[in-house]
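Comments concern the structure below.
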Amino acid sequence: MNVGVIYDDKWANNIKTFLSTVINNIYNENSSLIFTINPIFSSKIPQCKNIIGSGEGAYILSQIYYSNQNKNSNIGGVETFIGPTCSSDLRIASRISKQLNLLEFNIWNEYVNEAFDNEIVQMSTESGTNIALNLYTVLTRLNWKQVALLYCSECMFKFNGNILVNEEDLTLQTIMNVLKANYIIVTECIVVKKQDMNNSIYMKKLLQELKTKTRIIVPIFGASLNNYKAYMEAAKENDMKTNKYMTIIFKFFEFPKSPEPWITTNGSINEDILKLYDRTIVLKNDYYLEEQINAFEKKYSLQVTDNSILFYLQLYETIFTFMFMITKAYAHSSNNISLFSSSEYSSYLMEYIRNNKIDGPYGPIYFDNSNQRVAPYKIEAIEYSTTVKGYNKFIDININEICISEDVDPSYSKNCPALIAYITNTDAHILEDLPQDMPSCGFDGELCDQTGTIIIIVAVIITVILVTLIFIFVRRMRTGETANMPWAIEPEDLEIFEDNSHLIGSSGGFQSNVSIHSMHQQFGSKVKMRELLRNCLVGKIKGTGTVFVEPYQLKEKMVYDKQDMQLLFTLRQTIHDNINPFIGICMDNKRNEFSFIWQCALRGNLSSMLFSQQDKIIRDVDIGKDFTGAFVRDILKALDYIHSSSLQYHGGLTPSNCWIDSHWILKIGGCCTARMLFKWKSHGILAELRKAIRNNMHTNKIEKLEFSNADGQKQDIYSFGIILYEMLFKKKVVEIDDSYGMQNNDEDFGIFNTQAEALIPLYPTIPENHDDVHPDLISLMHKCYNGNASLRPDSNMARKITDATLKMPGSLVDQMIKNLEQYTNNLENLIEERTGELEREQKRAEQILLDLIPKSVADDIKLGRKIEAKTYKYCTIMNSDIVGFTSLCSGILPMEVVNLLSGLAKNFDRIITDNKCFKIETIGDAYVVSCGLPEPSRYNNVKNIANMTLQMREFLLSYKVPHRPEKHLQCRFGFNSGPVFSGVIGLKAPRFCVFGQTASIASKMEQNGVPDHIQMTLRSYQLLEGKFPEFICVPRGGIRIEGIGTLLTYFLEGKDLSKIRTDLVPWDDTDIDN
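Note that UniProt numbering numbers the sequence shown so that position 257 is 257, with each residue one more than the last.
Below is the structure:
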């Protein structure tokens, strides 16, 4: 290919020899190249002048074009140009290239609006576009939208005074345009002269003015960090080296590299200078390694000792890029030699380069939507700390692979961010306290309305006053200073049931035909009734209904302290399904009587249910697993609520305090009263003569009842362990006679019987024969009895264990009904059998539905929701087909065909499930499988499909056909990646279908495949190559697809686990919005 080369007089000495050697070396060293280059030079060499409209290079471009034009056929002999290198020439040359459809490469300078024009391919890694894109990526990642720019034109070595008179520097203009297009606000843009850049007084004054206008400052002073020393000293003097400001600087290409400012001649660190550069972000262009540059110089015999070596490197990369891109474009055009023999090839190649990449001689070379080369810079922070002194890398910038691809959607790629930044070191010192790009109220406080502040202050003051008044009112109410205490019950409102024989029937419920007696009757008869019922009396309150009454004899006048009032108020307000409501306290000081009153539970308590044969709830029905599971669940629910509420702990949990209401729901009673009884008894305020009162306290196993909230909760867990023991083994932990330790003159033994409590074992002995008890429940009891209370489980953990081991389908009422029906007929077994059959059929029907339709879609169908078509941006579709299946079936019996397909489907379905894929449909021997829908997957979808097809092929290699063991099955596989949309078709027999060009091409990949080979499209290959290089892929070349055209395809051969990438930052595979 003829390529015109235009350069200025700086490079006139050896450029022709250099180019000839480069072209020959590249062509000879790469056997895959089809085209070489014939460089066309002009006898005249232009000069870069600072005169508007000089345009010598542009004139030479048109001269080379027309002098080599084939006038007979009107076909240009030179359709590609490298150069010119002068900025003024590029401005004119770009318009000529656009007019004549020429392909032009810019290797050195800038031209107007280059970031948004498509006329010239930019090859420089230090173009204004690339500088701005790297800066924008860092700003966006750190959430900064406003910056100030300080720019030194003379410090950018490429120009060296070649800026046009009275015209803005083109690099700065490009940077400003790119930042503006990406919604970055440049609050200040100041051009600094080179002599002022090193003037500390000037820089100090400049930063003093900027201090009140910006927070993020980006000085661009050239390649060496020594150029920023005066700036850093001025920033320190203006107190801008704090967490309120941030400086971002650039370290451009420099050859040879100069040492860092803080590195002395003997290699040590000058800490004073390093402190100046502390908390500074550096964007480095380290694309070309020093050893690569030295090898390049030696190979081409270049005698360059300054940054001019970058010109030769980028000229070399341009030749390399052109030769490889035109070869790839030729293959992409299905080897259309007529196209590449005409003048149209330059336009075709221009479009091919857009959003594309090659592996260059020194690393990947990427081009964005405007044919601008995009090269990520290295992002580091300069830190001075105890752990880091110097550079500390904390951000990685990578190419956005979605933007750089041949088949990217043009409408998407136009605004696609070519670079993406990831924070790789979250422990970096610079990230600890990043500044905002603008103060909350603006630089001058213009964003804050002081009127609003005043209103807020006034509102806060009013709120504080109201809260104080409310607090005083509540405090007065809770401390008894108001007579309207919600838990106080007048003695006249309480009536006690007198007839003891009718209080509790054989069924455990309370009888209704009882006589009423006033609370004012002699208290001794009530104590006798209390001894009969063991735990409490039964009475009635006007407007409330039947209640339980716990009477006590007062020795002294009851006086409530602040803690008592608070606790009683909280108890009265507590409402929970598994806590027996506290009605209040009835106290008659005239008669020295005091009673706790609770809501009545009509089916008795748990102790009566477990151990009293006379009062057994259902005489011939034992307390089975269902009852145990329900009651344990209710106890733990109550404890969980108590422990998380202001009540903190129960303090007296026993089976006698576990009441069962008419709905067979267990409710815990006596909550928090034990601690108050203990205190009042210790103070000599009350006495009690009930012989069974120890049942309320013995399971706490504590020396006293006043302890911390945490200890109280652990004692509740111990009590729960005792209750669980008695429920599971239907016996008490220890049998103690009610009169044990009682003296004839002891009137107060009933509240706390110390001698009887001493017999309770700290660690109860578990019966040896407990095969019918789940091992996890045994383990739970051991944990509840642990001598170290801090190691006992909490109520939440106990609930998880019991829910897993004591599962109970349905409610307890349902189980009671089933138990009763066992004694009338055998319907229970029949119901269980039919219910099991129904559940199995439902599961079977649901499984069949899930084999046809994804679970998420099936759930919507069952709920009656409308199924809308849905688009999936990232998906891979695989089609497979058995080769020669029809001929194989023609020679065997129908039943043998069924057995063959059944064996294949069983193993194929297993492989599909193992690889997290979804079977769309099967037609005979053909399979259609997807990954990426309905569960979204951004990258792993192609990996799962690749693994699946490799396993399917491996299975077929060892699969023996039933009745034909000598026959080997061959299968064609094909898959493609891209966007699809799906939906459910039909109502009576709904089918889940996938549509779109991606699915169509996947089918074509299988139809045009090769037996025992896995064929994929270019898009799938690119995803595997970029993210999963362990997959071995070989190119098949271009194949003609009917209705589509020629596609470049690849074969998947296998996997090489040694090539799995470990350098990638882990991604969120379900995050498909970014």
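Glycine residues also receive a C-beta, built at the ideal position from the N, C-alpha and C atoms. Being a predicted model, the structure only gives us computed values, none of them experimental.
- Three or more Cβ pairs closer than 8 Å define a contact, and the stretch 1008-1017 falls short of that threshold against the stretch 305-317.
- Counting the other CB atoms within 10 Å of its CB gives T1062 a total below 16, which places it among the exposed residues.
- For the options N976, A989, P990, the alpha carbon positioned closest to that of A999 is the one of N976.
- The residue from K236, E254, R215, V178 with its alpha-carbon nearest to that of M203 is K236.
- Per the Cβ contact rule, the stretch 223-230 is in contact with the stretch 253-268 (3 or more Cβ pairs under 8 Å).
- The stretch 273-352 is shown to contain whole beta strand (DSSP E) runs of 3 or more residues at 280-284, in chain order.
- For R799, the closest of N294, K637, R572 by C-alpha to C-alpha distance is K637.
- Between the alpha carbons of D9 and D89 lies a distance of about 14 Å.
- Our two residues, M558 and E550, have alpha carbons roughly 16 Å apart in a direct line.
- Take the alpha-carbon of L969 and the one of K919: they are about 21 Å apart.
- V3 is bridged by DSSP to P39, T80.
- Going by C-alpha positions, Y763 is about 36 Å away from V547.
- Here the alpha carbon of E351 sits roughly 12 Å from the alpha carbon of L102.
- In the three-state reduction of the DSSP assignment, M952 falls in the helix class, which pools H, G and I.
- Each residue's CA atom was taken as its position, placing G1037 and K1027 some 22 Å apart.
- A check of alpha carbon separations from L100 across D278, F41, V78, I82 identifies V78 as the nearest.
- Pairing E1030 with K357, the inter-Cα distance amounts to about 21 Å.
- Proximity of the stretch 238-245 to the stretch 288-308 falls short of the contact definition, fewer than three beta-carbon pairs being nearer than 8 Å.
- Distance from the CA atom of I337 to the CA atom of T80, rounded to whole angstroms, is 17 Å.
- Here the C-alpha atom of T36 lies approximately 6 Å from the C-alpha atom of M323.
- Pairwise C-beta distances place the stretch 143-155 in contact with the stretch 180-195, as three or more of them are shorter than 8 Å.
- In this structure, the straight-line span from the alpha carbon of L780 to that of K807 is close to 16 Å.
- Boundaries of the beta strand (DSSP E) harbouring N398: 389-399, taken from the DSSP string.
- Looking at the backbone, the Cα of V3 and that of T17 are separated by about 15 Å.
- Out of S341, F320, S370, the CA that lies nearest to the CA of P364 is found in F320.
- In terms of Cβ geometry, D437 and I216 form a close pair [threshold 7 Å].
- For K667, DSSP records a beta bridge to W659.
- Look at D626 here: in three-state DSSP terms it is helix.
- Ranked by Cα distance from N400, the first of C931, N369, Y391 is N369.
- The Cβ neighbour count for H650, taken over all protein chains shown within 10 Å, is at least 16; the residue is labelled buried.
- Judged by DSSP in its simplified three-state form, V559 adopts coil rather than helix or strand.
- Beta-bridge partners assigned by DSSP to P551: S595.
- Bounds of the beta strand (DSSP E) holding C1033 are 1031-1041.
- Around the beta carbon of D427, fewer than 16 other beta carbons lie within 10 angstroms, which makes this residue exposed.
- Taking 7 Å as the cut-off, the beta carbon of C671 is found no closer than this to the beta carbon of N605.
- Taking a cut-off of 8 Å for Cβ pairs, the stretch 784-798 and the stretch 709-719 touch, as three or more such pairs fall below it.
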